[in-house]
Amino acid sequence: GCGKQVEFTGKSICAGGDCMVYRRTQDTHFERTEVFRPVPQEEVAAFQGEFLASHSWSPGDLVSCCWSPNTMTISINNTLVMRVEDPELGSPPATPVYALYES
Numbered sequence: 011g012c013g014k015q016v017e018f019t020g021k022s023i024c025a026g027g028d029c030m031v032y033r034r035t036q037d038t039h040f041e042r043t044e045v046f047r048p049v050p051q052e053e054v055a056a057f058q059g060e061f062l063a064s065h066s067w068s069p070g071d072l073v074s075c076c077w078s079p080n081t082m083t084i085s086i087n088n089t090l091v092m093r094v095e096d097p098e099l100g101s102p103p104a105t106p107v108y109a110l111y112e113s
């Protein structure tokens, strides 16, 4: 499974159930023994999103995450449930991006 703080994974972007998106641009993972919030800005950029619809996940749901310049959205069964917009969020890389979901 994921580590205690998946948002500290090197070269990652992570959307959480708290409507936050965390982005770490450094190549290396940040290691810390205790779990803490808020995430320190010098290690991971944190962006507050907005919930647009309520949804409880169910087996068979279709989850879609779209990262475009300065915006990330999450849809479930074609219903937009979360959006984060911030100029500092940046653009996705030109190389493939892989998704991981952990319940």
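Throughout, the numbering used here is defined as the position within the sequence shown, counted from one, plus 10.
A virtual CB, placed ideally from N, CA and C, is assigned to each residue, including glycine.
Nearest-angstrom beta carbon gap, residue j and residue i [assumed within contact, 8 Å]
i: F57; j: D96; result: 5 Å
Residues near residue i in its chain [Cβ-Cβ closer than 8 Å; skip 5 each side]
i: E60; result: C29, M92, R93 and V94
Nearest neighbour of residue i, chosen from the options [CA to CA]
i: P102; options: L72, G26, R34 and F18; result: R34
i: A63; options: T89, P106 and L72; result: T89
i: S74; options: G20, V16 and L110; result: L110
i: G100; options: I86, C76 and S85; result: C76
i: S68; options: K21, P106, T83 and N87; result: N87
i: T7; options: V107, E98 and G26; result: A question about residue 7 goes unanswered here, because the residues of the chain that appear run from 11 up to 113.
Sequence-distant residues of the same chain with beta carbon closer than 7 Å to residue i, five excluded per side
i: S85; result: S74 and V91
Chain-order list of residues whose beta-carbon lies under 6 Å from that of residue i (same chain, five-residue window excluded)
i: H65; result: I86 and V91
i: P79; result: S101
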